[in-house]
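For the sequence shown, our numbering begins at 1114 and goes up steadily by one. Beta carbons: idealized from backbone N, C-alpha and C, even for Gly. In this text, all values refer to a predicted model and were calculated from it rather than measured experimentally. Let me begin by presenting the structure, written as structure tokens, before commenting on it.
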Amino acid sequence: MDFIRITKRSDLPRSKEIIITILAVAMSIVFAGIILAVFGLNPFEIFREIIMGSVGTEMRIKQTIVKAVPLIITSMGIIVAFKMKFWNIGAEGQITMGALGAAWVAINLHGTLPQPALLLLMMAAAAICGGIWAFIPAVFKAKLGTNETIFTLMLNYVAIKFVTYLQYGPWRDPGAKGFPRIETFSQDAVLPSLGGVHTGWIIAVLATVFVYFFMKSTKLGYEIAVVGESIETARYAGMNISKIIIAAMLISGGLCGITGMIQASAVEKTLVYGIANNYGFTAIITAWLSKLKAGYALLVCVAFAMLMQGGDYIQIAMGVSSTVSDIVQGLILFFILGSEFFLRYKVHLGRAVEKEVA
């Protein structure tokens, strides 16, 4: 009898799902343009400059790739955790601790190993440290049922404060004339470039391929998906829930830790407390927008990197705050998440016809 009724969809054709998603993105751009116009800005000019600022020249394309690399790898780590419905909000801390592990190797072992061996050891240390930082909340979740959202979020600040302590204390570079910074990495601890961009982009592609096949073709990937769908079903099937949670989070944190190694080695060339640069939080958005699919995440991360680079460009070239690109990002997120409702449910207008029951 209600004028508006909502029913759950049984199945939605792939073509309609794509159309709804495209409409959501289009509406987000239209509404972003309206908001920009309200603030007295020309939306067409802003959008054009954001695109040109991200891919307009070879140098801008390279900077877009540099911004996409940490987003891609971190998104892959978050996808593994989110597939299990383990809400890992701790990527910032895992990136930071990964960078710390890589920095320890770079500072203490440079000059003793060939560059490839040193870089591989830095990456291994980063994956281990990031994995350990994810392992802590995983154990508490598996054994005590703690809230992983709050736990992982709080660990972000512990990691950042710990690196801050090192930067201002024990690891402060004596040659920095009192400035609170950690020793700059030697050249053999810096990722080489390929095609004018550091080789982190190769690692990002490999991480995408790894997560795609891991989730699609491995026993653990299948178990992670089952646990995400229903813990009771997984338990009934005889799966070791605790083991799956811990293994998945070790992989998730390890990938985020590798992001920290790349940022420390190729971008900062040292360790700083702000090494994560909010990539851990942004990657939550990109992972969710990609519907937790590795291939889609690669494309979404590139699109977000373009917005980030374009936002930096318009701030310099046009004197417009880079938060303009944040407005666009936020509206895209809002409309895409809103479209999820229409992907899962049907909205019926008009009164329901009552059926006589014999």
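Taking all protein chains shown into account, decide if Lys-1468 is buried (16 or more other Cβ within 10 angstroms of its Cβ) or exposed.
-> The residue given as residue 1468 occupies position 355 in the sequence shown. For Lys-1468, the predicted model reports a pLDDT of 46, less than 50, meaning its position is unreliable and no value from the coordinates is stated.
Answer with buried or exposed for Arg-1127, where buried requires no fewer than 16 other C-beta atoms within 10 angstroms of its C-beta.
-> Along the sequence shown, one-based indexing puts residue 1127 at 14. It is exposed - the Cβ of Arg-1127 has fewer than 16 other Cβ atoms within 10 Å.
Of the listed residues Leu-1231, Lys-1406, Phe-1152 and Gly-1146, nearest to Phe-1160 (C-alpha basis) | Position 47 of the sequence shown holds residue 1160. The candidate whose alpha carbon is nearest that of Phe-1160 is Gly-1146.
In or out: His-1461 buried (at least 16 other Cβ within 10 Å) or exposed?
-> Taking the first residue of the sequence shown as 1, we reach residue 1461 at position 348. Here His-1461 is exposed, its C-beta having fewer than 16 other C-beta atoms within 10 Å.
Do Ile-1208 and Gly-1370 come within 8 Å of each other at the CB atom, strictly closer than that value?
-> Taking the first residue of the sequence shown as position 1, residue 1370 is located at position 257. Taking the first residue of the sequence shown as position 1, residue 1208 is located at position 95. Yes; because the gap between Cβ atoms is below 8 Å, this pair is in contact.
Hey, how far is the Cα of Val-1252 from the Cα of Ile-1427?
-> Numbered from its first residue, the sequence shown carries residue 1252 at position 139. Numbered from its first residue, the sequence shown carries residue 1427 at position 314. Answer to the nearest angstrom: the Cα atoms are 45 Å apart.
Euclidean distance between Cα positions of Leu-1412 and Ala-1418 | Within the sequence shown, the letter at position 299 stands for residue 1412. Within the sequence shown, the letter at position 305 stands for residue 1418. Answer to the nearest angstrom: the Cα atoms are 10 Å apart.
Where the beta strand (DSSP E) containing Ile-1202 begins and where it ends = If you number the sequence shown from 1, residue 1202 lands on position 89. Note, Ile-1202: premise wrong, no beta strand (DSSP E); not H, not E.
Between Gly-1203 and Gly-1366, what straight-line distance do the alpha-carbon atoms span, to the nearest angstrom?
-> As a working mapping, residue 1203 is identified with position 90 in the sequence shown. As a working mapping, residue 1366 is identified with position 253 in the sequence shown. Their Cα atoms are separated by approximately 9 Å.
By how many angstroms is the C-alpha of Ala-1289 removed from the C-alpha of Ile-1295?
-> Residue 1295 sits at position 182 when you count from the first residue of the sequence shown. Residue 1289 sits at position 176 when you count from the first residue of the sequence shown. When rounded, the distance between both Cα atoms is 8 Å.
Contact the stretch 1152-1169 vs the stretch 1384-1399: 3+ CB pairs below 8 Å = no
How would you write the range of the alpha helix (DSSP H) that Thr-1177 sits in, first residue to last?
-> Here residue 1177 corresponds to residue number 64 of the sequence shown, with the count starting at 1. Its alpha helix (DSSP H) spans residues 1171-1196.
Pick from Trp-1246, Thr-1259 and Arg-1285 that is closest to Asn-1269, judged by C-alpha positions | Residue 1269 sits at position 156 when you count from the first residue of the sequence shown. Out of Trp-1246, Thr-1259 and Arg-1285, Trp-1246 has the C-alpha closest to the C-alpha of Asn-1269.
Per DSSP, the bridge partner or partners of Ile-1118 | Mapped onto the sequence shown, residue 1118 falls at position 5. It should be pointed out that residue 1118 corresponds to Arg in this sequence rather than to Ile. Answer is His-1461.
Under a three-way DSSP split, which group does Leu-1125 fall into?
-> As a first step, residue 1125 must be located in the sequence shown, where it is residue number 12. Coil.
Exposed or buried, Leu-1444, counting other C-beta atoms within 10 Å across all chains shown (16 or more means buried)?
-> As a working note, residue 1444 is residue 331 in the sequence shown. Leu-1444 should be labelled buried.
Return the CA-CA distance between Pro-1156 and Ala-1361, expressed in angstroms with no decimal places.
-> Taking the sequence shown and counting its residues from 1, one reaches residue 1156 at position 43. Taking the sequence shown and counting its residues from 1, one reaches residue 1361 at position 248. When rounded, the distance between both Cα atoms is 43 Å.
So what's Ser-1434 in DSSP terms, helix, strand or just coil?
-> Position 321 of the sequence shown, counted from the start, is the residue given in the question as residue 1434. Note: Ser-1434 maps to coil in three-state DSSP.
Limits of the alpha helix (DSSP H) - the one that Pro-1250 falls within = Numbered from its first residue, the sequence shown carries residue 1250 at position 137. Segment 1228-1257, the alpha helix (DSSP H) holding Pro-1250.
Exposed unless 16 or more other CB atoms sit within 10 angstroms - verdict on Thr-1383 = Against the sequence shown, residue 1383 aligns to sequence position 270. Buried: at least 16 other Cβ atoms inside 10 Å.
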